[in-house]
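In what follows, a single structure is set out as structure tokens and then discussed.
Number of protein chains: 2
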Amino acid sequence: MTSINKTSNNELKKIIREFRETAPDVYMPGISVDSVIFGFHDDKLKVLLSQVGDPPSFGLPGGFVRKDEDLDDAALRILQERTGFENIYLEQFYTSGKKDRSNGKMLKDLMEKVIGKMPESSWFMQRFVSVCYYALIDDTKVKPSAEVIFGEFKWFDINRVPKLIFDHNLIIKKALATLQSDLDNKLVGSNLMSETFTMNELQRLYEAVYQEKLVRTNFQRKMLGLGVLERLDKQYNGKSHKAPFLYRFSKAKRKTYHRSP
Amino acid sequence: MTSINKTSNNELKKIIREFRETAPDVYMPGISVDSVIFGFHDDKLKVLLSQVGDPPSFGLPGGFVRKDEDLDDAALRILQERTGFENIYLEQFYTSGKKDRSNGKMLKDLMEKVIGKMPESSWFMQRFVSVCYYALIDDTKVKPSAEVIFGEFKWFDINRVPKLIFDHNLIIKKALATLQSDLDNKLVGSNLMSETFTMNELQRLYEAVYQEKLVRTNFQRKMLGLGVLERLDKQYNGKSHKAPFLYRFSKAKRKTYHRSP
DNA sequence: ATCTATTGTATCATTTTGATACAATAATAA
DNA sequence: TTATTATTGTATCAAAATGATACAATAGAT
Chain G
680 MTSINKTSNN ELKKIIREFR ETAPDVYMPG ISVDSVIFGF HDDKLKVLLS QVGDPPSFGL
740 PGGFVRKDED LDDAALRILQ ERTGFENIYL EQFYTSGKKD RSNGKMLKDL MEKVIGKMPE
800 SSWFMQRFVS VCYYALIDDT KVKPSAEVIF GEFKWFDINR VPKLIFDHNL IIKKALATLQ
860 SDLDNKLVGS NLMSETFTMN ELQRLYEAVY QEKLVRTNFQ RKMLGLGVLE RLDKQYNGKS
920 HKAPFLYRFS KAKRKTYHRS P
Chain U
680 MTSINKTSNN ELKKIIREFR ETAPDVYMPG ISVDSVIFGF HDDKLKVLLS QVGDPPSFGL
740 PGGFVRKDED LDDAALRILQ ERTGFENIYL EQFYTSGKKD RSNGKMLKDL MEKVIGKMPE
800 SSWFMQRFVS VCYYALIDDT KVKPSAEVIF GEFKWFDINR VPKLIFDHNL IIKKALATLQ
860 SDLDNKLVGS NLMSETFTMN ELQRLYEAVY QEKLVRTNFQ RKMLGLGVLE RLDKQYNGKS
920 HKAPFLYRFS KAKRKTYHRS P
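Those protein sequences? They're chains G and U, same order as listed.
Take 680 as the starting number for the first sequence in the numbering used here and just add one per residue.
Take 680 as the starting number for the second sequence in the numbering used here and just add one per residue.
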């Protein structure tokens, strides 16, 4: 992993200075967007974090909303700009607005570590309310493009997220809770699984999200019963046992339920 | 119901002019808060709307966030200021941020109907992102205090909400969907039921929220099984049949579930 | 051919849910 | 006083969903 210092050259500083000067004209004041990007690797649920500052700390990938841009579009654009990833289904789940959640000084300090002194009255000094989104990503598809302003990315095991900037730890916690409620529906149309997968892979994802072991046979029955899986050919993977079927999420509309008695 | 005209006296105009002038210093730019207040009356789910302008149209009760105020606190304060209702459990459920959801002109026009011409560059002309909350209210307790700037309140049947200002119809739709998902948990600690209630009253609330009939006996079994109800004395109400028990939501912590297989 | 690890399905017990029956009872009418 | 009525609380049976376990099928290794 490259330290932020290696990319802090003059070119970068110029870009940042430009950004600092044009930001107040281009972006809405006081509103930022942050995204919790979940991935799944090595049977663990992961979250994509962005390195900032030196010594490095980490935070959610985020950015600002253009004055003529829908919130949802801003979230997509920022994710695309920073990770290179496109066609992601992002879902808004929370807006963080405690008055001192980002006391401005933090952001300003961060910026100053990269580009040096900034005026007290900086646009970045203001209070920000952050609208938060989450996405489920098949992380074999994510190619985090070295990001211009804040540095690079790293996947963290959901259980080993360090102390993050601002209130981003809290935001991740809320995102996980949102994910856990009704994962069945959220997976469909998400990008968390690769296009095709085995039942075993799907089960391990559930186990990672809910952080508990599930009974294989019953899990299979349940998943098939949801009516969202399409069975494809078997997958001969060279292992010395019966080959599993491959599945994919079918496009067909599924039944909906609610929990009324 | 009093028309806005009757309250549009000089006193009011002065207050509004003052508000208009101090707003940019006091409030965060570009962020508003709106609340969907659900009530239950005549076996119908209702929503509390505020009359604005003349000819009157309706909208959600809302307001702005002080620069030194938590988002959640702002929602509470605004609700308190406008309805007089205190100690409400408000839950944030959505942030509305389409670029043209409140194209500024709408808000400015509304203000101008009340206080006359405003400058093009008005603070109110800017784009607003609205953070939305909902609450469940026992509407026998709500005493909508005649509200200063925008007029008065009216309860609307959830199925008979007129065309509202901005994107408030959409916001109410989202609020109802949020309410419907997992009502069991949302009721506890809410203010929607009165302190004590009969099983029948509770059932009628469920039927209003889910918009469907439920089977009495199974409903009762289900509710009792949740372990959140405390059975009190019987309620002798003069009706010529067996008196029902009264219940209240018990403080005791309840079991939590998740929907994993 | 036999063994091993894993997969797909079946089966039985338990729990939850849906539908229905029925006894209890508070006021009213006879 | 007794029968009537509407509603309530609980029981019961069937159907569906879930939990636990058994077992045959099979792709490759031995």
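Just so it is clear, CB atoms sit at the ideal spot from N, CA and C, and this is done for glycine as well.
DSSP state of ARG756 of chain G mapped onto helix, strand, coil
As a first step, residue 756 of chain G must be located in the first sequence, where it is residue number 77. Helix at ARG756 of chain G.
Classify ILE816 of chain G as helix, strand or coil using the three-state DSSP reduction.
Start at 1 with the first residue of the first sequence, and residue 816 of chain G comes out as number 137. Correct three-state label for ILE816 of chain G: strand.
Near-chain U residues of the region 705-727 of chain G (beta-carbon distance less than 7 Å), N- to C-terminal order
MET707, PRO708, GLY709, ILE710
Report, in whole angstroms, the separation of the C-beta atoms of VAL808 of chain U and ILE710 of chain G, which I expect to be a contact under 8 Å.
Mapped onto the second sequence, residue 808 of chain U falls at position 129. Mapped onto the first sequence, residue 710 of chain G falls at position 31. Going by Cβ atoms, the distance from VAL808 of chain U to ILE710 of chain G rounds to 6 Å, so yes, they are a contact pair.
What is the rounded straight-line gap between the Cα of SER873 of chain G and the Cα of ARG806 of chain G?
Residue mapping note: residue 873 of chain G aligns to position 194 of the first sequence, counting from 1. Residue mapping note: residue 806 of chain G aligns to position 127 of the first sequence, counting from 1. Rounded to whole angstroms, SER873 of chain G to ARG806 of chain G spans 39 Å at the Cα level.
Mind checking if LEU750 of chain U is an interface residue toward chain G, Cβ cutoff 8 Å exclusive?
By 1-based counting over the second sequence, the position of residue 750 of chain U is 71. With 8 Å as the cut-off, LEU750 of chain U counts as an interface residue toward chain G.
Contact between the region 837-855 of chain G and the region 898-911 of chain G: three or more CB pairs below 8 Å?
no
Any C-beta of chain G within less than 8 Å: which residues of the region 797-818 of chain U qualify?
ARG806, VAL808, VAL810
Contact set between the region 757-776 of chain G and chain U, restricted to residues whose Cβ is under 9 Å from the partner
GLN771, TYR773, THR774, SER775, GLY776
Buried/exposed call for PRO657 of chain G, threshold 16 Cβ in 10 Å
Residue 657 of chain G is absent from the structure shown; chain G starts at 680 and stops at 940.
I need the straight-line Cα distance from LEU724 of chain G to GLU690 of chain U, nearest angstrom please.
Residue 724 of chain G sits at position 45 when you count from the first residue of the first sequence. Residue 690 of chain U sits at position 11 when you count from the first residue of the second sequence. So the alpha carbons of these two residues sit roughly 60 Å apart.
Is there a Cβ from chain G that is less than 8 Å from the Cβ of LYS693 of chain U?
One-based indexing of the second sequence puts residue 693 of chain U at position 14. Chain G, which has no Cβ nearer than 8 Å to the Cβ of LYS693 of chain U, makes this no.
Cβ atoms of LEU871 of chain G and LEU815 of chain G: under 8 Å apart, would you say?
As a working note, residue 815 of chain G is residue 136 in the first sequence. As a working note, residue 871 of chain G is residue 192 in the first sequence. Yes; because the gap between Cβ atoms is below 8 Å, this pair is in contact.
When the Cα atoms are used, what is the spatial distance from ILE837 of chain U to VAL726 of chain U?
Locating residue 837 of chain U in the second sequence gives position 158, where the first residue counts as 1. Locating residue 726 of chain U in the second sequence gives position 47, where the first residue counts as 1. Cα to Cα, ILE837 of chain U sits roughly 6 Å from VAL726 of chain U.
Does the separation of the CB atoms of SER714 of chain U and LEU750 of chain U fall below 8 Å?
As a working mapping, residue 714 of chain U is identified with position 35 in the second sequence. As a working mapping, residue 750 of chain U is identified with position 71 in the second sequence. No, these two residues do not count as a Cβ contact at 8 Å.
Reference ASN766 of chain G; option with closest CA among G:TYR926, G:TYR773, G:ILE757:
Start at 1 with the first residue of the first sequence, and residue 766 of chain G comes out as number 87. Comparing Cα positions, the closest option is G:ILE757.
Would you give the residue range spanned by the alpha helix (DSSP H) that ILE850 of chain G belongs to?
On the first sequence, residue 850 of chain G is found 171 positions in, with the first residue counted as 1. That run of the alpha helix (DSSP H) goes 847-859.
Specify the secondary structure class of GLY738 of chain G as computed by DSSP and reduced to three states.
For this step, residue 738 of chain G is matched to residue 59 along the first sequence. Three-state DSSP puts GLY738 of chain G in a strand.
Under the rule that 16 or more other beta-carbon atoms within 10 Å means buried, what is GLU831 of chain G, buried or exposed?
Residue 831 of chain G sits at position 152 when you count from the first residue of the first sequence. Under this definition GLU831 of chain G is a buried residue.
Might you give, ordered along the chain, the residues of its own chain that have their beta carbon closer than 8 Å to the beta carbon of VAL712 of chain U, omitting 5 neighbours on each side?
In the second sequence, counting from the first residue as 1, residue 712 of chain U sits at position 33. For VAL712 of chain U, the CB contacts under 8 Å within the same chain, skipping 5 residues up- and downstream, are GLY741, GLY742, PHE743, VAL744, LEU750, ALA753, ALA754, ILE757, SER809, VAL810, CYS811, TYR812 in chain order.
Any beta-carbon of chain G closer than 8 Å to the one on LYS892 of chain U?
Residue numbering aside, residue 892 of chain U sits at position 213 when the second sequence is read from its first letter. No, LYS892 of chain U does not count as interfacial toward chain G.
Whole-angstrom distance between SER801 of chain G and GLU886 of chain U, CA atom to CA atom
Here the question's residue 886 of chain U lines up with position 207 in the second sequence. Here the question's residue 801 of chain G lines up with position 122 in the first sequence. If you take the alpha carbons of GLU886 of chain U and SER801 of chain G, they lie about 53 Å apart.
At a Cβ threshold of 8 Å, is LYS746 of chain G touching chain U?
Reading the first sequence from its first residue, position 67 is the one you call residue 746 of chain G. Yes, contact with chain U.
Run down chain G in chain order and give the residues with a C-beta less than 7 Å from the C-beta of LYS778 of chain U.
Working through the second sequence from its first residue, we reach residue 778 of chain U at position 99. Correct list: ASP747, GLU748, ASP749.
Inter-residue Cα distance where the pair is PHE928 of chain U and LYS746 of chain U:
For the purposes of this step, residue 928 of chain U is taken as residue 249 along the second sequence, with counting starting at 1. For the purposes of this step, residue 746 of chain U is taken as residue 67 along the second sequence, with counting starting at 1. If I take the Cα positions, the gap works out to 37 Å.
Measuring only between beta-carbons, confirm whether PHE737 of chain G sits less than 8 Å from chain U.
Counting from 1 along the first sequence, the entry for residue 737 of chain G is found at position 58. Not one chain U Cβ lies under 8 Å of PHE737 of chain G.
In terms of residues, what are the limits of the alpha helix (DSSP H) holding GLN899 of chain G?
Here residue 899 of chain G refers to the residue found at position 220 when the first sequence is read from its first residue. Note, GLN899 of chain G: alpha helix (DSSP H), 895-905.
Would a C-beta distance cut-off of 8 Å place ARG761 of chain G and PHE845 of chain G closer than the cut-off?
Counting from 1 along the first sequence, the entry for residue 761 of chain G is found at position 82. Counting from 1 along the first sequence, the entry for residue 845 of chain G is found at position 166. No.
Tell me where the beta strand (DSSP E) around ASP912 of chain U begins and ends.
Position 233 of the second sequence, counted from the first residue, corresponds to residue 912 of chain U. Following the DSSP letters along the chain, one finds ASP912 of chain U inside the beta strand (DSSP E) bounded by residues 908-913.
Pairwise C-alpha distance: LYS865 of chain G and GLN883 of chain G:
As a working note, residue 883 of chain G is residue 204 in the first sequence. As a working note, residue 865 of chain G is residue 186 in the first sequence. First, the residue type needs correcting, since residue 883 of chain G is Arg and not Gln in the sequence shown. Looking at the two C-alpha atoms, the distance is approximately 16 Å.
In angstroms, rounded to a whole number, what distance separates the CA positions of GLN899 of chain U and LYS693 of chain U?
As a position in the second sequence, residue 899 of chain U is number 220, starting the count at 1. As a position in the second sequence, residue 693 of chain U is number 14, starting the count at 1. Roughly 55 Å between the two C-alpha positions.
Would you check if the distance between the CB atom of LEU858 of chain U and the CB atom of PHE717 of chain U is smaller than 8 Å?
By one-based count along the second sequence, residue 858 of chain U stands at place 179. By one-based count along the second sequence, residue 717 of chain U stands at place 38. The answer is yes: Cβ separation under 8 Å.
So is LYS787 of chain U buried or exposed if we call it buried at 16+ other beta carbons inside 10 Å?
Walking along the second sequence from the start, residue 787 of chain U turns up at place 108. So LYS787 of chain U ends up on the buried side.
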